[in-house]
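Chemist: Residue numbers (the UniProt record's numbering), protein chains in the order written: chain X, 1 to 310; chain H, 1 to 310; chain D, 1 to 310; chain V, 1 to 310; chain G, 1 to 310; chain P, 1 to 310.
Ideal placement from N, C-alpha and C gives every residue a C-beta, glycine not left out.
The structure under discussion is supplied below as structure tokens; questions concerning it will follow.
6 protein chains.
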Amino acid sequence: MISLVALGEPLIQLNAVTPGPLRYVAYFEKHVAGSEANFCIAATMAGARCSLIARVGDDEFGRNIVEYLRGRGVDVSHVKVDPGAPTGIYFVQRHFPVPGRSRLIYYRKGSAGSRVGPDDVDSSLISSADAVHSTGITLALSDSANRAVHKAFGEAKRRTFDTNIRPALWPDLAAARRAILDVLNYGVDVLVTDPDDTQILLGVRDPEEAYRKYRELGVQTLVYKLGAEGAYVFWNGGSYFRDALKVAVEDPTGAGDAVAGYFVALYLSGVDPRRALDLAVAASALVVGVRGDNEALPSPREAEELLKAL
Amino acid sequence: MISLVALGEPLIQLNAVTPGPLRYVAYFEKHVAGSEANFCIAATMAGARCSLIARVGDDEFGRNIVEYLRGRGVDVSHVKVDPGAPTGIYFVQRHFPVPGRSRLIYYRKGSAGSRVGPDDVDSSLISSADAVHSTGITLALSDSANRAVHKAFGEAKRRTFDTNIRPALWPDLAAARRAILDVLNYGVDVLVTDPDDTQILLGVRDPEEAYRKYRELGVQTLVYKLGAEGAYVFWNGGSYFRDALKVAVEDPTGAGDAVAGYFVALYLSGVDPRRALDLAVAASALVVGVRGDNEALPSPREAEELLKAL
Amino acid sequence: MISLVALGEPLIQLNAVTPGPLRYVAYFEKHVAGSEANFCIAATMAGARCSLIARVGDDEFGRNIVEYLRGRGVDVSHVKVDPGAPTGIYFVQRHFPVPGRSRLIYYRKGSAGSRVGPDDVDSSLISSADAVHSTGITLALSDSANRAVHKAFGEAKRRTFDTNIRPALWPDLAAARRAILDVLNYGVDVLVTDPDDTQILLGVRDPEEAYRKYRELGVQTLVYKLGAEGAYVFWNGGSYFRDALKVAVEDPTGAGDAVAGYFVALYLSGVDPRRALDLAVAASALVVGVRGDNEALPSPREAEELLKAL
Amino acid sequence: MISLVALGEPLIQLNAVTPGPLRYVAYFEKHVAGSEANFCIAATMAGARCSLIARVGDDEFGRNIVEYLRGRGVDVSHVKVDPGAPTGIYFVQRHFPVPGRSRLIYYRKGSAGSRVGPDDVDSSLISSADAVHSTGITLALSDSANRAVHKAFGEAKRRTFDTNIRPALWPDLAAARRAILDVLNYGVDVLVTDPDDTQILLGVRDPEEAYRKYRELGVQTLVYKLGAEGAYVFWNGGSYFRDALKVAVEDPTGAGDAVAGYFVALYLSGVDPRRALDLAVAASALVVGVRGDNEALPSPREAEELLKAL
Amino acid sequence: MISLVALGEPLIQLNAVTPGPLRYVAYFEKHVAGSEANFCIAATMAGARCSLIARVGDDEFGRNIVEYLRGRGVDVSHVKVDPGAPTGIYFVQRHFPVPGRSRLIYYRKGSAGSRVGPDDVDSSLISSADAVHSTGITLALSDSANRAVHKAFGEAKRRTFDTNIRPALWPDLAAARRAILDVLNYGVDVLVTDPDDTQILLGVRDPEEAYRKYRELGVQTLVYKLGAEGAYVFWNGGSYFRDALKVAVEDPTGAGDAVAGYFVALYLSGVDPRRALDLAVAASALVVGVRGDNEALPSPREAEELLKAL
Amino acid sequence: MISLVALGEPLIQLNAVTPGPLRYVAYFEKHVAGSEANFCIAATMAGARCSLIARVGDDEFGRNIVEYLRGRGVDVSHVKVDPGAPTGIYFVQRHFPVPGRSRLIYYRKGSAGSRVGPDDVDSSLISSADAVHSTGITLALSDSANRAVHKAFGEAKRRTFDTNIRPALWPDLAAARRAILDVLNYGVDVLVTDPDDTQILLGVRDPEEAYRKYRELGVQTLVYKLGAEGAYVFWNGGSYFRDALKVAVEDPTGAGDAVAGYFVALYLSGVDPRRALDLAVAASALVVGVRGDNEALPSPREAEELLKAL
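Written as structure tokens, this is what we have:
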């Protein structure tokens, strides 16, 4: 069984029970989420072992996160309880103002999760893992979080990364670009990204061109997500495009993490990249059909059943 | 900022939480609605000031309506509390027997709202407003409501009207026809209608032909709604067709009011009729995605965001 | 098995899911209720057969009522569908402005149920029944409803009556007094009432004094409800007081109907009046613990279990 | 009015309120279901009288079933209460792992319903009915249930059957095949089935070929369901294909029973098979739009309204 | 009609739908709250006009607050939208770990509301109002908020104050003590407080003693709340104790604000302090029976009805 | 940290969202429960380490149980997945027919959990634990479960036991008596029981007398629960009675397990029996205030806070 480490901030998600502008939403449904936590759960469902390096507050939401992730089989022994700050949360506004899309409203500034730092990165954990994963979100959290990623990537056997540029978390896009390119310098085995982020990072959108440029930056394998159209995978020796499955969307949040976690876990375990992408895309198709980012992640057998059925 | 006055009955809507025949629906969700109240909210969201002339009962539902509309920015200083009758209500049965359509069951006979009359129409309010709006529903409420519309239209600078023929509210279609044609005699600047109502009123369905005939009756600008297909606008010097947006429908109730309120507010403020229709159609696309007739009305910026996204 | 007939209006109840003033209640829960319908269900649970004479509208709510009552074992073959008017409904505001009490907001004026009349009273049904039951509510519904009660009481073997004076349904209390005293003239075997109604009817509140006066008016057996304190039963040869059970109140609506239906069914079947009252009070204690007027009516074995447990 | 008898197990359905894997579903919604109970309700809605032969436990769920079916107009005088075993139940997992499909998790082994037997089959009921209906599910319940079907089919005037092969209920598919072919020997007037079941029974999938083979086995009329594509009907003298209606799916469970009950009731009443299939397909289109297998069954007028609208 | 001004932070409240530790609460119900906003609504219900000086974020929650307060009749023309920070929110954990009590978890650090400052205090509004109200919470929000209170109190005709010491918002209790005593220096007409806060401020708990000491600090009238026991009022010339009403508690949050707003509005309007306290205590008894801090605030007539009923 | 082992069947609980007879309950809320699982969680909250020996089905409910218990910190490495049978479930009917009490309806016959047997009892786990716990429920599950308890008790260092006689699970009370007395023969360190069970086991109810008799059977310490009155603890050298806390009851299920798990964990860790009982009674007071048997279990600090507050 492959072992992964992810570094990032787990969050409590308050998802609007009814669609439309939040001011008229009366009820919110609580979930555990956060890009790297989602990644870990997806990887676990796909058969890997995944440890999360993170901080949560000494509060009910922090305990909620730890219990949920432990229940899902994620290794939480490196999730620290930081009594100095609250656990980060965010709200999800669904289907407004664009049906099929969600808008995220964060209350995570100064959160416990943003205070993660290099001291939380256990070198023996890193060196024993097959790969370390992080995202552009973690780079944006705080200076200490950024340094934690650098420490982890510097010591990792292999690195996987999801660009995940959230403009609201950065002072400007140039800062995002710099921070992410810095991290790509370590050499990334699997990069997960999309045309919007690639436009910011490299000034191009075209898949082939993007792959060529990312390769020059040391990326081995590229998963290039085209949203509702599907996704490409490029690897040393080939490329493959997978149509997205046509499904009704309840909340698209978490779809990208599903692709990342599922693909990385399978691919690094030796599964053919085409098949890994097929299953990852199936996993993400199930995630968008429910509220919550990771509850509908399938087992590989269930993902397979979906691929056969449609 | 343009100022509008609408005359009609605000209602409490009890919307089925689950689809199907009402007898098996266990829970109902309360909303504030009514065609002219929806119009006022849509106009307000689009940037106008809108006063509602109406009556509500001296009861919790009446207070509910006043508080909600005031919260939404509608001028409720001309909404009178009538202790002699209850506030009107209605139930919404969704997706049965036709998926995507709703059926309305009214409890509004003899309601406070139907007792609105000419005395409720403040002439100084009317004369200071840029336009007065009403609908075929108000004409059908009661004799006094009908006379109130005549008084208001008689004194108004400009008039806008939505035909909104609800057969259940009329003794027969001929009565509806007579009452509406009577009102068109005042000269209507913007008429909002559709082929079904036009068939009743003029015996034609074709958009061009309808516009020609309405013009002869003194209509300046015509918004001609074709439901899930889209809508036309005809004006002195041009016409324009806008495709409807393809969205999942939770409850189509209120979509027409969204078009009317949004279009009238923008168009009378000087916005190009094409752009006004585009935004009005976007507004109505958001309204049908939720329960409640007016909570999902967007700001112009949000409507624009939707138009760009799809 | 004893056979009863009840005459009155079944209604759809919309019960506030959350307590407090209705204007801030977002969700309502649908139930089938109405004093005489509740009586029939209570009598059925207590082992009697009960036929309801009534009208409902030709609408989903009318069908809801018929299906529910038939499901509960009530004979609905004399419930007519009247296409000329809607089924009556009402809302329940709970715990406001007095915790533990409910306020009812009716939409039943001109309802199908209020159009019940003498022609709906099947003489062969009446003459074959052991007793006929009605209430002060039915007398207040309409002139035709009042006449229907007179016809039924005139032809009945035995009569039971619940005074149930709802001031909102009467022009004035004198009218209520006259109408009820008129009906008592037929000779009532079991009268169910309380000090408030008795004050209106006879000008007294004291239980003993009330019984003496009601006896003079031809009442055989008196059930005299003292709300949260308990209830008396007076009969030819004795009297008995039963403490109410101390239970948490969710909605007291329907408690009186539970006492009436349960007591009448048992007592007329020959059960000792003390035991009949004990079980009837237990039944009403369960009814107040839930929303809905009749769902928590127990079987006699369950009522017994409650009496033993407390 | 035509009279039908159905033999099978009514069940309590616990339907997931939210989609996705059951382990993350917090709330379940209770419904009354079961293939033959659904058939009876559909037939009743289509204008037939339908008696159900069945057993339920002496528990709240058993009482729930009896009250609900009686409310819906089904004759429940042959539903026995069996105190020796609990009422069967099942859970519905929706949209996982295949969006648009449901997975059923049964708790019905040894249930009261599975203990139905030949003694429960009242010969006078059978001989007075126009037709007797059962399904492959009843054959699989128990040996006594299987014998009950044989007794009923042996004494019936006419027979209708829905193959409904649920692999989880059979030791192996050969057993299902044997049991169903045994029952077809009685001569079936209307057989309802689909390509998957026909593959198991006859080794063919093609509609025409299936009809030819079923005819040889004594089937008069064949309804051949192709799921989301539509359905065929073959009869002596013709065939007809009806496209399915394009509707959003909440839970497809019960769609097949809707087709069977609606078609059989109409067709045996003399309705043209084309029109019977049209209405049956419309009925099933409404059923899949809601949770619960039979609440959204339309009246023929409502089914017609749907056909006209789309 | 008396006119009041309140200065403080309105918040969005996320109230646990089910009791117990938050980590197992799946659903939260949204309300508008905040001590001074609650005060304004209570005062408005009691017949006063109340303006709120505050800031909210340029987000859905900020718009929610403005619309709700405007709907309730609060003057929101001095609520500024501050695009530089989010609207503050908090969660309510109910009945854990002490049944009948609630625990508040704030996400308000650096919120728009905490950025209120002296520039937001419109001197002409202050000077035209009959009294200005604030609380210990506002003093704790930020330095600018503290200065805003000083400016407002310095310019006010009369001052009312609720000590409301929330230890979590202060660096230490000495800071709270200093800040509050500073403000009392302006001379407070009505002070609302309790033994816990008085222990911190003056080192005493006894009501009489507290009143003596507060008088020396310039307080005219003292409302001294003893929680579930009741409340005292002391004024120049008398004192009065009112028992609390015995009611079931859903969430006690907001009870103190109800007392403050209701008492201040009535008392400053000239109502006898005894009667003002009676009604204020009745108002608070209704508030604790529901989730949400201000929805169950009664009209004076409703409060009276409650006092008579119990 | 003390280490415990519990042996028994974890179950999925479907708790009625609304009170009253189950047939009218529309929604059920899912929880993880089962007496020994509750014990483990209570012990874990009280500071112990607890391993559960059990089986669950290879289904969503089984996975639900494992994930939840792992999340709560219970050692689930000895919970086996048994593909041969489904996970056991039960329904909770609340407040009917006795307010304040719950009725359990099991679907656990032949469940995976009942198939636990001696082979599932890992001798090295047993010998390394400080104590082994089981209950009368486990003894009743099956012959193999009974033998598993004997094996575990035979090899355990110390034994704790909760009599928990559920008549529905036993052929007769004599069988329960025999099975439990057999197990007491191993020598039980802490016995948790009540007067009803003791009447069955020993023919006495009086606390002192019960303790005397249990002592003769080798019991060291006795926790004797008197329901809503409180509980005794008897130990070598003393006895102590603790009043129950007066709290509103939502669902009393799980209260006894809370007492057992909390008391055993604290007492075996060396806490004074009086204090252990105080905290255990506080824990159980929180459990009865919510649906779900173990979500409201407090930390010792929270239990302490409750004891101080009341």
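Out of G/R23, G/N15 and G/G47, which has the shortest C-alpha to C-alpha gap to G/L268?
Modeler: Checked all of G/R23, G/N15 and G/G47; the closest Cα to G/L268 is G/G47.
Chemist: Going by beta-carbon coordinates alone, are X/A145 and X/G100 separated by less than 8 Å?
Modeler: In this structure, X/G100 does not lie closer than 8 Å to X/A145 by Cβ.
Chemist: Report the residue from X/S134, X/T253, X/V233 and X/E250 whose alpha carbon sits nearest the alpha carbon of X/G275.
Modeler: Checking the displayed sequence, the identity of residue 275 of chain X turns out to be Arg instead of Gly. Ranking X/S134, X/T253, X/V233 and X/E250 by Cα distance to X/R275 puts X/V233 first.
Chemist: For D/V121, collect the residues of the same chain with a Cβ closer than 8 Å to its Cβ; drop the 5 residues on either side in sequence, then sort them by chain order.
Modeler: Correct list, in chain order: L7, I53, A148, K151, A152 and E155.
Chemist: Are X/V288 and X/V259 closer than 8 Å when you measure CB to CB?
Modeler: No, Cβ-Cβ distance for X/V288 and X/V259 is not below 8 Å.
Chemist: Does the separation of the CB atoms of X/A255 and X/S284 fall below 8 Å?
Modeler: Yes.
Chemist: Exposed or buried, what is H/D143 when buried is set at 16 or more other beta-carbons lying within 10 Å of its beta-carbon?
Modeler: Exposed, because fewer than 16 other Cβ atoms sit within 10 Å of the Cβ of H/D143.
Chemist: Could you work out which residue in G/L306, G/E305 and G/P273 is closest to G/G237 when comparing CA atoms only?
Modeler: If we check each option's Cα against that of G/G237, G/P273 comes out closest.
Chemist: Who pairs with V/E29 in a beta bridge, going by DSSP?
Modeler: Paired residues: V/N15 and P/Y27.
Chemist: Beta-carbon separation of G/A131 and G/D293 under 8 Å?
Modeler: The answer is no: Cβ separation not under 8 Å.
Chemist: Taking DSSP as the reference, what is the three-state secondary structure of G/H150?
Modeler: Of the three classes helix, strand and coil, the one that applies to G/H150 here is helix, per DSSP.
Chemist: Just how far apart, CA to CA, sit P/R108 and P/A37?
Modeler: About 15 Å.
Chemist: Is it right to say residue 316 of chain H is buried, meaning 16 or more other beta carbons lie within 10 angstroms of its own, or is it exposed?
Modeler: Residue 316 of chain H cannot be examined here, being either before or after the span of chain H that is shown, 1 to 310.
Chemist: Which first and last residues belong to the alpha helix (DSSP H) in which H/K80 is found?
Modeler: Counting along the chain, H/K80 falls outside any alpha helix (DSSP H), though it belongs to the beta strand (DSSP E) covering V79 to D82.
Chemist: Would you say X/I200 faces chain G, with C-beta separation under 8 Å as the test?
Modeler: By this cut-off, X/I200 is not an interface position.
Chemist: Taking the straight line between their C-alpha atoms, what separation do you get for D/A16 and G/R72?
Modeler: Distance between the alpha carbons of D/A16 and G/R72 is about 21 Å.
Chemist: Cutting at 7 Å between CB atoms, please list the residues of its own chain near V/K80, excluding the five before and the five after it.
Modeler: Contacts found: R55 and D120.
Chemist: Which residue wins for smallest C-alpha separation from D/L169, given the options D/S128, D/Y68 and D/L104?
Modeler: The residue with the shortest Cα to Cα distance from D/L169 is D/L104.
Chemist: Rounded to whole angstroms, what is the Cα-Cα separation between D/L222 and G/E295?
Modeler: Spanning the two alpha carbons is a distance of roughly 42 Å.
Chemist: I need the boundaries of the beta strand (DSSP E) containing H/S3, first residue and last residue.
Modeler: Note, H/S3: beta strand (DSSP E), S3 to L7.
Chemist: Could you tell me which residues DSSP puts in a beta bridge with V/D243?
Modeler: In the DSSP output, where bridge partners are listed per residue, V/D243 has V/G230.
Chemist: Measuring CB to CB, does G/S35 end up less than 8 Å from G/I137?
Modeler: Going by C-beta atoms, G/S35 is nearer than 8 Å to G/I137.
Chemist: Which residues of chain D have a Cβ atom closer than 7 Å to the Cβ of V/G62, listed in chain order?
Modeler: Per Cβ cutoff of 7 Å: no residues; V/G62 is ~13 Å from chain D at best.
Chemist: Hey, is H/A33's beta-carbon within less than 8 Å of any beta-carbon in chain X?
Modeler: No, H/A33 does not count as interfacial toward chain X.
Chemist: Listed in chain order, which residues of the segment 169-184 of chain V have Cβ atoms closer than 8 Å to some Cβ of chain H?
Modeler: Under the 8 Å Cβ criterion, the segment 169-184 of chain V contributes no residue.
Chemist: Which residues in the same chain have their Cβ closer than 6 Å to the Cβ of G/F61, if we skip the five residues on either side of it in sequence?
Modeler: Excluding sequence neighbours, G/F61 sits near I12 and T87.
Chemist: Buried or exposed: P/E302, going by 16 or more other Cβ atoms within 10 Å of its Cβ?
Modeler: P/E302 is buried by the Cβ-count criterion.
Chemist: Return the chain-ordered list of same chain residues with a C-beta closer than 6 Å to the C-beta of D/L173, the five sequence neighbours on each side being excluded.
Modeler: So the list reads I200, once near-sequence residues are dropped.
Chemist: Helix, strand or coil, according to DSSP, for H/V264 in the structure here?
Modeler: Helix, per DSSP.
Chemist: Taking the alpha carbon of P/D251 as the reference point, which residue from P/V98, P/R23 and P/I65 has its own alpha carbon closest?
Modeler: Considering only alpha carbons, the answer is P/V98.
Chemist: Name the one or two DSSP bridge partners that X/T193 has.
Modeler: According to DSSP, which records beta bridges pairwise, X/T193 is partnered with X/Y224.
Chemist: Per DSSP, which one or two residues make a beta bridge with P/I89?
Modeler: P/I12 and P/Y107, per the DSSP bridge assignment.
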